[in-house]
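K.L.:
For our numbering, count along the sequence shown from 1 and bump the result up by 30. First the structure, which I've put down as structure tokens, then a few questions once you've had a look.
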Amino acid sequence: MSQKSFTTRKEPIEFDIDDEVFYLKSSIPAGKITELSRLAGEMQAMATAPVDDASDALAPVMKLLAEIFESESFDRFIKRYNGEYSPIDIGTFYEILAWVIGEALGKGITLPQST
31 MSQKSFTTRK
41 EPIEFDIDDE
51 VFYLKSSIPA
61 GKITELSRLA
71 GEMQAMATAP
81 VDDASDALAP
91 VMKLLAEIFE
101 SESFDRFIKR
111 YNGEYSPIDI
121 GTFYEILAWV
131 IGEALGKGIT
141 LPQST
């Protein structure tokens, strides 16, 4: 028997925007969320950049979000992002992005105790 056992099984993560529920995959590889966090930081830094540069920074973020969301939820999310119905403004988008990176996917993380 081992001293410590770890599990990667998790419950699906859900959140809502204006009472519309969206689902994230239940298990996200650490590398993907780390990359998403890095890209989100770059994207925020480019908030004052010319429009073409900002949209170039957004493409890899959206690609990673597509891998993190359940497919059907991402399809609805991107429609709202693009304003096809009940648009998500940029402030709300950044709030959602921060929540996905921090609260939703970081939940339950315990850092080593310093001695």
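Beta carbons: idealized from backbone N, C-alpha and C, even for Gly.
#1: Just to confirm, is the Cβ distance from residue 66 to residue 131 under 8 Å?
#2: Take residue 62 as the anchor and find which of 35, 88, 98, 113 has the nearest alpha-carbon.
#3: Residue 47 and residue 118 - do their beta-carbons sit closer together than 8 Å?
#4: Determine whether the beta carbon atoms of residue 100 and residue 69 lie at a separation below 8 Å.
#5: Got a sec? Which residues, its chain only, sit under 8 Å from residue 38 by beta carbon, not counting five neighbours each side?
#6: For a test of the three-state rule: what should DSSP assign to residue 172, helix, strand or coil?
#7: Please say whether residue 107 and residue 45 have beta carbons closer to each other than 8 Å?
#8: Any idea if residue 104 is buried or exposed, counting beta-carbon neighbours within 10 angstroms, 16 or more meaning buried?
#9: With residue 108 as the anchor, note down where its alpha helix (DSSP H) starts and where it stops.
P.N.:
Short version:
#1: For this step, residue 66 is matched to residue 36 along the sequence shown. For this step, residue 131 is matched to residue 101 along the sequence shown. In contact: residue 66 and residue 131 (Cβ atoms closer than 8 Å).
#2: Numbered from 1 along the sequence shown, position 32 holds the residue referred to as residue 62. Residue 62 has its Cα closest to that of 98, out of 35, 88, 98, 113.
#3: Your numbering for residue 118 matches position 88 in the sequence shown. Your numbering for residue 47 matches position 17 in the sequence shown. For residue 118 and residue 47, yes; Cβs fall inside 8 Å.
#4: Sequence index remark: in the sequence shown, residue 100 carries index 70 (1-based). Sequence index remark: in the sequence shown, residue 69 carries index 39 (1-based). The answer is no: Cβ separation not under 8 Å.
#5: Residue numbering aside, residue 38 sits at position 8 when the sequence shown is read from its first letter. So the list reads 57, once near-sequence residues are dropped.
#6: Outside the shown range of the chain (31 to 145) lies residue 172, about which nothing can therefore be said.
#7: Within the sequence shown, residue 45 is the residue found at index 15, counting from 1. Within the sequence shown, residue 107 is the residue found at index 77, counting from 1. No, these two residues do not count as a Cβ contact at 8 Å.
#8: Taking the sequence shown and counting its residues from 1, the one referred to as residue 104 is at position 74. Buried.
#9: As a position in the sequence shown, residue 108 is number 78, starting the count at 1. 101-111 is the span of the alpha helix (DSSP H), which, as asked, contains residue 108.
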